[in-house]
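Visitor: Provided herewith is a single structure, encoded as structure tokens, for subsequent inquiry.
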Amino acid sequence: MNIISVENLTKYYGDFLAVDHISFEVRKGEFFGLLGPNGAGKTTTIRILTGLLKPTSGTVHVMGMDVVKNPVDVKKQIGVISETANPYLEMSAWENLMFAGSLHSMPKEEREKQAENLLKLLGIYDRRDEKVENFSKGLRKRVTIAMALIHDPPILFLDEPTVGLDVQSARMIREFLRRLNERGTTIFLTTHYIEEADILCDRVAIIKNGKLIALDSPENLKATNKEEKIVEVSFNKHITGIEKELAKLPTVSKTEKFGDKIRLYTSNPSVIIGEISKIAETKNLRIISINTLAPTLEDTFVKLTGLSSLDMERMEQIGRLKKMKMKGP
Ligand SMILES: Nc1ncnc2c1ncn2[C@@H]1O[C@H](COP(=O)(O)OP(=O)(O)OP(=O)(O)O)[C@@H](O)[C@H]1O
Ligand SMILES: [Mg+2]
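Numbering (my numbering), first residue to last: 130 to 458.
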């Protein structure tokens, strides 16, 4: 059963087309990811899906309700965590949750029960009475997530939930989301971390310049790339220009340096492994390790969007600088 249906969704900001006729469905209980580089239209899309922004054209239905026509009813069924959502700093974690519960007119007893439950699951119950201003970014995010779930909604929307967090907080939040999804909550998240989409999502929609360019499970997306394999080799020492030499081998489409390893993209790994041994011998190099790898979701993403995660990282930094400038000092 489809819990979210998006049909021909389009959004213009003035003359600028930010979301370009996208259509997709999210099934009940699914962990769904919207993946794309900076400026792809992820935030615009999630804001429309949650009723915070009106589309220029197209429709969105959440649990059968049109989000433009029934925003109040839709909001009862969803939890939303925007990129910038934050708890009130001068209040404690507990007070923030009580406040969030009051916005949904929840009875005191129910609010308290749900708050205790969530804070325990998120590992911050012991710190519930501390003011949030003492909390790290990761801990604040956990409070924000608890606030969005206080009314136990069947669908949770998150815009880049782990961006800018330390590794441990990010892992904790992913683990929490996974458990929440196992219990039956449908989760829709946006991310530009390919790895995050790969490990969490049942299905991933990839958008670029407002257009939907692929939608499938991570494994199916990887399989579209299956004619390509990767041979990863490391030698006892590095010789300048060795990557170029290896790139000339038959069936090798490109080579890349990965730390002390070199990756060769090829359709025929077994032949290539033999050729690498020959080159190593003539150059007096010893092979330390050699492995054949299946393409990752990132390889597929690169193929589809023409962007590597390094490009994404750079775009992310530029994006953050721009946002800082817009906000001003
Ligand atoms: N209020 C606005 N007015 C004009 N243009 C906007 C507005 N909001 C977003 N845009 C533009 O629309 C495009 C999509 O923006 P959006 O924030 O949806 O992308 P995103 O995928 O969420 O990017 P990011 O990874 O940086 O969060 C961008 O080119 C952005 O500059
Ligand atoms: Mg965004």
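Idealized CB from N, CA, C, for every residue including glycine. Model, not experiment: these values are computed from the prediction.
Is it buried or exposed for Gly-143, if we count other Cβ within 10 angstroms and need 16 for buried?
Guide: Label assigned to Gly-143: exposed.
Visitor: How many whole angstroms separate the CB atoms of Ala-244 and Ile-279, which I take to be in contact at a CB cut-off of 8 Å?
Guide: Right, the Cβ-Cβ distance comes to about 7 Å (below 8 Å), so this counts as a contact.
Visitor: Please list the terminal residues of the continuous alpha helix (DSSP H) segment that includes Ile-210.
Guide: No alpha helix (DSSP H) contains Ile-210, which is instead part of the beta strand (DSSP E) from 207 to 210.
Visitor: Does at least one heavy atom of ligand 2 sit under 8 Å from the Cβ of Lys-171?
Guide: Within the cutoff, so yes.
Visitor: Is the closest heavy atom of ligand 1 to the C-beta of Asp-295 under 8 Å?
Guide: Answer for Asp-295: no, Cβ out of range of ligand 1.
Visitor: What's the call for Phe-160, buried or exposed, on a 16-neighbour Cβ count within 10 Å?
Guide: Buried, because 16 or more other Cβ atoms sit within 10 Å of the Cβ of Phe-160.
Visitor: If you measure between the beta carbons of Gly-187 and Ile-151, is that distance less than 9 Å?
Guide: A contact, by the Cβ cut-off of 9 Å.
Visitor: What whole-angstrom Cβ distance do Ala-334 and Leu-344 have, given they're in contact under 8 Å?
Guide: Correct: roughly 4 Å between the Cβ atoms.
Visitor: I'd like to confirm something about Thr-319: is its beta-carbon nearer than 8 Å to some heavy atom of ligand 2, or not?
Guide: Checking the Cβ of Thr-319 against ligand 2 gives yes.
Visitor: Any heavy atom of ligand 2 inside 8 Å of the beta-carbon of Asp-331?
Guide: No; taking the cut-off as 8 Å, the Cβ of Asp-331 has no heavy atom of ligand 2 nearer than that.
Visitor: Tell me, which residues are paired with Ala-222 by DSSP?
Guide: Answer is none; Ala-222 lacks a bridge partner.
Visitor: Take the Cβ of Tyr-312 as the centre, count every other Cβ of all protein chains shown within 10 Å, and call the residue buried at 16 or more, exposed below.
Guide: The sequence shown places Arg at residue 312, not Tyr. Exposed is the call here.
Visitor: Does the Cβ of Val-296 have 16 or more other Cβ atoms within 10 Å, making it buried, or fewer, making it exposed?
Guide: Val-296 is exposed by the Cβ-count criterion.
Visitor: Nearest to Val-135 by CA position, among Ile-177, Ala-169, Val-360 and Leu-433, is which residue?
Guide: Ranking Ile-177, Ala-169, Val-360 and Leu-433 by Cα distance to Val-135 puts Ile-177 first.
Visitor: Determine the contact status of Val-209 and Phe-153, defining contact as a CB-CB distance below 9 Å.
Guide: Going by C-beta atoms, Val-209 is not nearer than 9 Å to Phe-153.
Visitor: At a cut of 8 Å, does the stretch 294 to 310 reach the stretch 248 to 256 through at least three beta carbon pairs?
Guide: Judged by Cβ distances under 8 Å, the stretch 294 to 310 makes contact with the stretch 248 to 256, as three or more pairs qualify.
Visitor: Jot down the residue ranges of each uninterrupted beta strand (DSSP E) in the stretch 144 to 212, minimum 3 residues, whole runs only, in chain order.
Guide: Counting whole runs of 3 or more residues, the stretch 144 to 212 contains the beta strand (DSSP E) stretches 145 to 156, 160 to 164, 186 to 191 and 207 to 210.
Visitor: Got a sec: is the Cβ-Cβ distance from Thr-320 to anything in chain B below 9 Å?
Guide: Among the protein chains of the structure shown there is no chain B, as only one such chain exists.
Visitor: Is DSSP giving Glu-357 helix, strand or coil here?
Guide: Looking at Glu-357 - three-state DSSP - the assignment turns out to be coil, as it is neither helix nor strand.
Visitor: Keeping to the same chain, check which residues put their C-beta closer than 6 Å to that of Ser-211; ignore five residues upstream and five downstream.
Guide: Within the same chain, Ser-211 has close Cβ partners Asp-288.
Visitor: Let me check you understand the geometry: is the CB of Asn-131 closer than 8 Å to at least one non-hydrogen atom of ligand 1?
Guide: No, ligand 1 has no heavy atom inside 8 Å of this Cβ.
Visitor: Assign Val-201 to buried or exposed, taking buried as 16 or more other Cβ atoms, counted over all protein chains shown, within 10 Å of its Cβ.
Guide: Flag for Val-201 reads exposed.
Visitor: Using a 10 Å radius around the Cβ and a threshold of 16 neighbouring Cβ atoms, would you call Phe-145 buried or exposed?
Guide: With fewer than 16 other Cβ atoms within 10 Å, it is exposed.
Visitor: Just verifying my parser: in three-state terms, what is the DSSP assignment at Pro-458?
Guide: Unreliable placement is indicated for Pro-458, whose pLDDT of 43 sits below 50; the coordinate value is still reported in the next sentence. Coil.
Visitor: Where does Ala-214 sit, in a helix, a strand or coil, going by DSSP?
Guide: Three-state DSSP puts Ala-214 in coil, outside helix and strand.
Visitor: How many angstroms separate the CA atom of Thr-429 from the CA atom of Gly-339?
Guide: Whole-angstrom Cα-Cα distance: 19 Å.
Visitor: If the criterion is Cβ atoms closer than 9 Å, does the pair Val-225 and Val-196 meet it?
Guide: Checking the sequence shown, residue 225 turns out to be Asn, not Val. Taking 9 Å as the Cβ cut-off, Asn-225 and Val-196 do not qualify as a contacting pair.
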